[in-house]
Amino acid sequence: MPATSSQPRKLAIMQPYFFPYLGYWQLLAAVDTFVILDDVNYINRGWINRNRIAINGEPSWLTVPLQGASQNKYICDIDIAPDDGWKKRLQRTLATAYSKAPHATDTLALFEHWLAQADGDLSAALHRCITQVAETLNIKTTIIPSSRIYPKGELKGADRILDICKREGASVYVNPPGGKELYDAAMFREAGIELQFLQPDLHQDQLRSGASDGSVLSILDSMMHNSVEELAGAVQRFGLAGN
Numbered sequence: 040m041p042a043t044s045s046q047p048r049k050l051a052i053m054q055p056y057f058f059p060y061l062g063y064w065q066l067l068a069a070v071d072t073f074v075i076l077d078d079v080n081y082i083n084r085g086w087i088n089r090n091r092i093a094i095n096g097e098p099s100w101l102t103v104p105l106q107g108a109s110q111n112k113y114i115c116d117i118d119i120a121p122d123d124g125w126k127k128r129l130q131r132t133l134a135t136a137y138s139k140a141p142h143a144t145d146t147l148a149l150f151e152h153w154l155a156q157a158d159g160d161l162s163a164a165l166h167r168c169i170t171q172v173a174e175t176l177n178i179k180t181t182i183i184p185s186s187r188i189y190p191k192g193e194l195k196g197a198d199r200i201l202d203i204c205k206r207e208g209a210s211v212y213v214n215p216p217g218g219k220e221l222y223d224a225a226m227f228r229e230a231g232i233e234l235q236f237l238q239p240d241l242h243q244d245q246l247r248s249g250a251s252d253g254s255v256l257s258i259l260d261s262m263m264h265n266s267v268e269e270l271a272g273a274v275q276r277f278g279l280a281g282n
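When we follow this note's numbering, the leftmost residue of the sequence shown carries the number 40, and every step to the right adds one.
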């Protein structure tokens with residue numbers, strides 16, 4: 040829910056990922072403004088241009104090929120590879136893997152709509168991916184790409200985070216649980232910003248998945264097996280804790 044004048048304004052900052060898992064969407068739903076941190080170095084074999092789906096119950100990678108990708112380049116400076124047939128291969132892989140899934144038709148349509156526009160700028164394509172899924176799951180959060188709004192200059196680490204929070208008028212910064220060792224809560228308090236951490240709940244006992252071993256997969260897998268209404272409720276059920 041957007042903040043009112045009596046509520047603290049919450050902000051989160053995260054790299055853009057390719058159809059990320061449910062916890063990513065819970066972080067997005069937990070805040071008023073979500074900044075896509077795309078002017079940081081690309082990570083080889085990470086989650087930026089690939090994610091896992093289930094094929095015959097086993098986790099398998101679904102990967103968007105890139106052109107000139109390097110860990111020495113920012114995400115916003117990398118392009119998607121020209122289509123030499125890889126788009127049809129991805130469509131076919133996803134359609135075959137989930138041919139019997141109850142919500143395959145709508146999920147495949149969403150993916151194919153995204154894929155049709157997945158050309159050139161990787162960051163722009165990921166921004167569209169995040170926006171399209173957020174709209175589908177009824178997440179009202181404002182989504183901003185950092186390289187276009189907040190160029191980093193010489194700022195690094197927590198200084199960059201605090202600068203963006205101040206520019207956005209945020210009083211609460213929400214970070215994924217893995218960031219507890221990265222930031223000093225006292226530093227944030229001195230800047231007048233409360234540091235909170237998401238406590239994701241993946242609802243693995245409630246939501247259906249294609250993985251036979253309980254592996255955490257892309258939101259695409261969740262959307263294949265669960266209704267939009269179920270997932271829209273699931274992304275809102277998370278916890279927040281201070282440091």
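Cβ coordinates follow ideal geometry from the N, Cα and C atoms, glycine included. Since we're looking at a predicted model, the values are computed, not measured.
Cβ-Cβ distance between residue i and residue j below 7 Å
i, j, result
"residue 274", "residue 176", "yes"
"residue 239", "residue 65", "yes"
"residue 114", "residue 81", "yes"
"residue 212", "residue 237", "no"
"residue 134", "residue 147", "yes"
"residue 58", "residue 257", "yes"
"residue 178", "residue 68", "yes"
"residue 184", "residue 166", "yes"
"residue 117", "residue 105", "yes"
Between the CA atoms of residue j and residue i - distance to the nearest angstrom
i, j, result
"residue 109", "residue 100", "20 Å"
"residue 171", "residue 149", "8 Å"
"residue 103", "residue 204", "32 Å"
"residue 226", "residue 265", "41 Å"
"residue 90", "residue 209", "31 Å"
"residue 248", "residue 241", "11 Å"
"residue 260", "residue 195", "35 Å"
"residue 160", "residue 124", "18 Å"
"residue 41", "residue 72", "In this prediction, residue 41 scores a pLDDT of 49, lower than 50, which makes its location untrustworthy; the coordinate-derived value is nonetheless stated afterwards. For residue 41 and residue 72, the distance between alpha carbons rounds to 9 Å."
"residue 119", "residue 78", "16 Å"
"residue 43", "residue 263", "Residue confidence for residue 43 is low, a pLDDT of 47 falling below 50, so the modelled location carries little weight; the figure read from the coordinates is stated next. Cα-Cα distance, rounded: 35 Å."
"residue 87", "residue 164", "11 Å"
"residue 243", "residue 276", "13 Å"
"residue 56", "residue 169", "8 Å"
Buried or exposed (CB count within 10 angstroms, at least 16 for buried), residue i
i, result
"residue 49", "buried"
"residue 83", "exposed"
"residue 220", "exposed"
"residue 10", "Because the chain here runs from 40 to 282, residue 10 falls outside it and cannot be looked at."
"residue 231", "exposed"
"residue 206", "exposed"
"residue 180", "buried"
"residue 85", "exposed"
"residue 46", "exposed"
Which residues DSSP lists as bridging residue i, in chain order
i, result
"residue 160", "118"
"residue 105", "119"
"residue 222", "According to DSSP, residue 222 bridges with nothing at all."
"residue 181", "72"
"residue 100", "91"
Which residue spans inside the segment 236-264 form an unbroken alpha helix (DSSP H) run of at least 4? 258-264
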